[in-house]
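Below you'll find the structure, written out as structure tokens, and then a few comments.
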Amino acid sequence: MAVSKQDRRNKIKKRIRKDIVGTGARPRLSVFRSNKEIYAQIVNDVDGTTMVAASSRDKDVASPEVNKKEQAALVGKAIAEKALKAGIETISFDRSGYLYHGRVKSLAEGAREGGLKF
């Protein structure tokens with residue numbers, strides 16, 4: 002029986018999360034990609050708290066005239082800006098089972114341009 006895309010992604014996600022754990026000193030940047038939007042949050046797994054979050058639905062990022070890849074880059078820059086204000090400079094990148102390609106890669110590059118270190 003064939004494995005669905007969602008099952009495959011969940012399997013990859015578990016494999017990634019075995020190694021990547023967000024701490025207070027080096028939190029985890031988690032990415033969620035839907036068909037329309039992209040969301041990113043910086044998480045401290047030890048405390049179980051979300052420190053900073055940004056998405057393509059935020060007022061400063063949402064714009065109908067830019068494509069999804071450019072929106073993802075803007076989300077990356079926005080989360081980097083918020084993280085630096087919160088005193089976070091280094092993070093672990095969690096792609097959540099998505100391929101490091103397209104919008105996920107664009108978000109990561111935008112975060113790097115914004116000043117975050119992976």
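Letter by letter, the sequence shown follows residues 2 to 119 in the numbering used here.
Glycine residues also receive a C-beta, built at the ideal position from the N, C-alpha and C atoms.
- Taking 4 residues as the minimum length, the alpha helix (DSSP H) runs contained wholly in the region 83 to 115 are 104 to 115, in order along the chain.
- With respect to the 9 angstroms criterion, residue 53 and residue 89 are classified as neighbours on the basis of their beta carbons.
- Between residue 38 and residue 56, the C-beta gap is smaller than 9 angstroms, which places the two residues in contact.
- In this structure, the straight-line span from the alpha carbon of residue 8 to that of residue 35 is close to 16 angstroms.
- If you draw a straight line from the Cα of residue 79 to the Cα of residue 58, it comes to about 12 angstroms.
- Its chain contains 70, 71, 73, 74, 77 as the residues whose beta carbon lies nearer than 8 angstroms to that of residue 107, once the 5 sequence neighbours on both sides are disregarded; these appear in chain order.
- Under the 10 Å beta carbon count, residue 16 is surrounded by fewer than 16 other beta carbons and is classified as exposed.
- A Cβ-Cβ contact shorter than 9 angstroms links residue 91 with residue 26.
- Between residue 48 and residue 29, the CB-CB gap reaches or exceeds 9 angstroms.
- Note: residue 30 is bridge-paired with 43, 94 in the DSSP secondary-structure output.
- The residue among 96, 84, 97 with its C-alpha nearest the C-alpha of residue 118 is 84.
- In this structure, DSSP gives residue 3 a state outside helix and strand, which the three-state scheme calls coil.
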